[in-house]
Amino acid sequence: MSKEPDFFEKVYEVVKLIPKGRVTSYGAIAKFLGAAKSSRLVGYAMNGSHSLKEAIPAHRVVNRNGLLTGKMHFPTATTMQELLEKEGVVIVDDQIQTFPKFYWDPTLELL
DNA sequence: TGGGTGACCATAG
DNA sequence: ACTATGGCCACCC
2 MSKEPDFFEK VYEVVKLIPK GRVTSYGAIA KFLGAAKSSR LVGYAMNGSH SLKEAIPAHR
62 VVNRNGLLTG KMHFPTATTM QELLEKEGVV IVDDQIQTFP KFYWDPTLEL L
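The structure is reproduced here in structure tokens:
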């Protein structure tokens, strides 16, 4: 009898709302969902995104440091970087350059 | 049913 | 300045 969408579904919803060429952090999404303390859940949610039939732009989600921590979970260690670079994001050594410039905060844009 | 897990974040030493 | 540890809470087995 679940009436409300699962936490994961909310995360996917926000991730899919991320504009192209922008990136956000797990903690930002968690905070937007009102669970800043559960920032880990956001990352864990992406882990289940593989089961979804819809493509989740998980490559647009990085950690607080702007580091591609989740790249290891992609098909290849360079997939995440390739996708981001293709969108115009500059990445060096798996780290996003001028991170605040590409940073997209849902609590500021959506809210 | 219960416990383990995790793509994090924040604080302390 | 860097390294280490704790907390946190929804989902899976």
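The first sequence maps to residues 2 to 112 in my numbering.
Even for Gly, the Cβ is constructed at its ideal location relative to N, Cα and C.
Candidates the options, of which the one nearest residue i by Cα
i	options	result
G44	T99, A31 and T80	A31
V90	V63, A46, L109 and V12	V63
Limits of the unbroken alpha helix (DSSP H) element including residue i
i	result
E86	T80 to K87
L109	P107 to E110
V91	Premise fails: V91 is in no alpha helix (DSSP H) and is neither H nor E.
P6	Careful: P6 lies outside any alpha helix (DSSP H) and carries neither H nor E.
P101	F100 to F103
Contact belief for residue i with residue j at Cβ below 8 Å, rounded distance in angstroms
i	j	result
T99	R61	No, T99 and R61 are not in contact; Cβ-Cβ is about 15 Å, not under 8 Å.
F9	L34	Going by Cβ atoms, the distance from F9 to L34 rounds to 10 Å, so no, they are not a contact pair.
G22	E83	That belief does not hold up - the Cβ atoms of G22 and E83 are roughly 14 Å apart, past 8 Å.
The ligand FAD heavy atom lying under 7 Å from the CB of residue i
i	result
V90	By its list of ligands, the structure shown contains no ligand whatsoever, and the ligand FAD lies outside what it can speak to.
Where in the segment 22-76 do unbroken runs of the alpha helix (DSSP H), each at least 4 residues long, occur, reported from the N-terminal end onward?
27-33 and 40-49
Could you tell me whether the segment 23-40 touches the segment 93-106, using the rule of 3 or more Cβ pairs below 8 Å?
yes
Are the segment 87-97 and the segment 62-71 touching by the rule of at least three beta carbon pairs closer than 8 Å?
yes
Inter-stretch contact (C-beta, 8 Å, three-pair minimum) for the segment 73-81 and the segment 33-41
no
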